[in-house]
Amino acid sequence: MSAIFNFCAGPAMLPQAVMQKAQKELLDWNGQGVSVMEVSHRSKEFIALTEQAESDLRQLMSIPSNYHVLFMHGGGRGQFSAVVNNFLGNDGKALYLVDGSWSQAAVEEAITLAGENNVDTLNIVDLVDGVKQVCLPDLSVIDKDYRYVHYCPNETVDGIEIFENLNSPWPVVADMSSNILSRNIDVSQFGLIYAGAQKNIGPSGLSIVIVRDDLLALPSLPQSSIMDYRLAVKNDSMYNTPPTFAWYLAAEVFSWLKASGGVTQMEQANIKKAQRLYQCIDELDFYVSGVAKQNRSRMNVTFQLANEGLDGLFLEQAKAAGLVALKGHRSVGGMRASLYNAMPIEGVDALVSFMKQFAAENS
Ligand code: PMP
Numbered sequence: 001m002s003a004i005f006n007f008c009a010g011p012a013m014l015p016q017a018v019m020q021k022a023q024k025e026l027l028d029w030n031g032q033g034v035s036v037m038e039v040s041h042r043s044k045e046f047i048a049l050t051e052q053a054e055s056d057l058r059q060l061m062s063i064p065s066n067y068h069v070l071f072m073h074g075g076g077r078g079q080f081s082a083v084v085n086n087f088l089g090n091d092g093k094a095l096y097l098v099d100g101s102w103s104q105a106a107v108e109e110a111i112t113l114a115g116e117n118n119v120d121t122l123n124i125v126d127l128v129d130g131v132k133q134v135c136l137p138d139l140s141v142i143d144k145d146y147r148y149v150h151y152c153p154n155e156t157v158d159g160i161e162i163f164e165n166l167n168s169p170w171p172v173v174a175d176m177s178s179n180i181l182s183r184n185i186d187v188s189q190f191g192l193i194y195a196g197a198q199k200n201i202g203p204s205g206l207s208i209v210i211v212r213d214d215l216l217a218l219p220s221l222p223q224s225s226i227m228d229y230r231l232a233v234k235n236d237s238m239y240n241t242p243p244t245f246a247w248y249l250a251a252e253v254f255s256w257l258k259a260s261g262g263v264t265q266m267e268q269a270n271i272k273k274a275q276r277l278y279q280c281i282d283e284l285d286f287y288v289s290g291v292a293k294q295n296r297s298r299m300n301v302t303f304q305l306a307n308e309g310l311d312g313l314f315l316e317q318a319k320a321a322g323l324v325a326l327k328g329h330r331s332v333g334g335m336r337a338s339l340y341n342a343m344p345i346e347g348v349d350a351l352v353s354f355m356k357q358f359a360a361e362n363s
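One point on numbering: in the working numbering, the residue at position 199 of the sequence shown is 199, and numbering is uninterrupted.
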């Protein structure tokens, strides 16, 4: 079979070298004659894996020592509720910034759990010159006492990314499900970072939580034990049996990232990949981007065909050319090419040449 480039937004493609290693050791992990799926999470070999994974992630993201790293269940949405239950208590209020579908979904979960009176919402996306643009508010002038402010720096569905940090008087909680490890960030600017694993880390189901120690003292609501941050910290993320295979694969991805030059190297490659694709979209009237240049996501490039009637043909011919999963999210339509760390530049080049040829043949 010739090369397939998988542009799925998630579960997304994983580095080929990692998949090949996992395949090789699937039946015999670590010389034990059994699969990593078949050993106790409390065995010394598995504990060694978890320690290595944490230390690699700390190194990759320069995570300060006053932050805990947790490996939890329930993907991104699991954290929508965990954040509320762990930090709001009976009388706490939170501010939610909305810049797209996922931050909107997070607000809805917060309101369900904490009630409308305890959740304030601020839309931060405007239409400027016909395209979506993020206008960050000055949070320091808001005279309120929030436990935290929540936002999503990369909106996977809408293709919107926020590159500046929030200037916030309250701890910042960020849903980095689709841009974690794609560029350098200063972790100390955040109170909590969470990410579902299935884009830049590993298989779905697992989520990574990076939480500043002092936030664990906030009053919490009654909640299920497996989503309790304090219990997770106390039990080294093993209060109950963790998703061990996903953890193993995440560990392999971290080790691949380190061997590939770390986040700095990824960031440079991601800038280059995104620039090539946006340049093609901007050069041809055939394609349209609905996002202002300064907020165009490097991870999820959304675009429309000027003639929507050609969407079906575009997807069909792209697939025949080995370029799969380019259909935009069902809620917004159009196209979306997800360019996570594992996507090689060759995949972007193949997509760009296909798009140019398709435009020439159908203009
Ligand atoms: N947040 C973001 C930014 C996402 O992209 C997604 C999933 N695509 C989620 C949250 C939800 O993740 P999950 O399906 O793992 O709950």
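We treat Cβ as the ideally placed atom computed from N, Cα and C, and that holds for glycine.
For residue 156, there is no enclosing alpha helix (DSSP H), as DSSP marks it with neither H nor E.
A distance criterion of 8 Å places the beta-carbon of residue 156 in contact range of the ligand PMP, judged by its closest non-hydrogen atom.
The three-state reading of DSSP puts residue 232 in helix, counting H, G and I together.
Cα atoms of residue 356 and residue 280: separation of roughly 8 Å, rounded to the nearest angstrom.
As summarised for the stretch 273 to 348, the continuous beta strand (DSSP E) elements at least 3 residues long and confined to that stretch are 300 to 305 and 335 to 338, given in chain order. Secondary structure at residue 56: helix, using DSSP grouped into helix, strand and coil. Within the same chain, Cβ atoms closer than 7 Å to the Cβ of residue 164 are found at 136, the five residues on either side in sequence being excluded. Runs of the alpha helix (DSSP H) spanning 4 or more residues and lying entirely within the stretch 85 to 165 occur at 101 to 114, in chain order. With a threshold of 8 Å, the Cβ atom of residue 102 counts as near the ligand PMP, since some heavy atom of the ligand is closer than that.
Taking all protein chains shown into account, residue 13 has 16 or more neighbouring C-beta atoms within 10 Å of its C-beta and is therefore buried. Under the 10 Å beta carbon count, residue 127 is surrounded by fewer than 16 other beta carbons and is classified as exposed.
Taking 8 Å as the upper bound for CB-CB distance, residue 315 and residue 354 are not in contact here, some 11 Å apart. DSSP links residue 196 through a beta bridge to 207. Taking one beta carbon from each stretch, the stretch 214 to 230 and the stretch 254 to 272 have fewer than 3 pairs nearer than 8 Å; the two do not touch. DSSP places residue 18 in the uninterrupted alpha helix (DSSP H) bounded by 16 to 24. Within 8 Å of the C-beta of residue 199 there is at least one heavy atom belonging to the ligand PMP.
When the alpha-carbon of residue 250 is set against those of 28, 53 and 287, the nearest one is in 53. Only residues of its own chain outside the window of five on either side were considered, and among them 35 have a CB closer than 7 Å to the CB of residue 26, listed in chain order.
A contact is defined here as three or more CB-CB pairs under 8 Å, and the stretch 166 to 176 fails this definition with respect to the stretch 40 to 48.
In its chain, beyond the 5 residues on either side, 244 and 245 have a beta carbon closer than 7 Å to the beta carbon of residue 37.
Secondary structure note for residue 249: its alpha helix (DSSP H) is the uninterrupted segment 244 to 259. For residue 7, there is no enclosing beta strand (DSSP E), since its DSSP letter is neither H nor E. About 7 Å separates the beta carbon of residue 183 from that of residue 270, a gap short enough to meet the 8 Å contact definition. Excluding residues up to 5 positions away in sequence, 66, 67 and 68 lie with their Cβ nearer than 8 Å to the Cβ of residue 213 in the same chain. Between residue 342 and residue 16, the gap from beta carbon to beta carbon is short of 9 Å. In summary, residue 141 is exposed, with fewer than 16 beta-carbon neighbours lying within 10 Å of its beta-carbon over all protein chains present. If you draw a straight line from the Cα of residue 96 to the Cα of residue 179, it is about 19 Å long.
In this structure, the ligand PMP has a non-hydrogen atom nearer than 8 Å to the beta-carbon of residue 77. Under the DSSP assignment, residue 67 falls in the beta strand (DSSP E) whose first and last residues are 67 to 72. Just measuring C-alpha positions, the residue of 329, 232 and 221 sitting nearest residue 210 is 232. Between the beta-carbon of residue 318 and that of residue 286 there is about 14 Å, and that puts the pair past the 8 Å contact cut. The C-beta separation of residue 196 from residue 207 comes to about 5 Å, placing the pair in contact by the 8 Å criterion.
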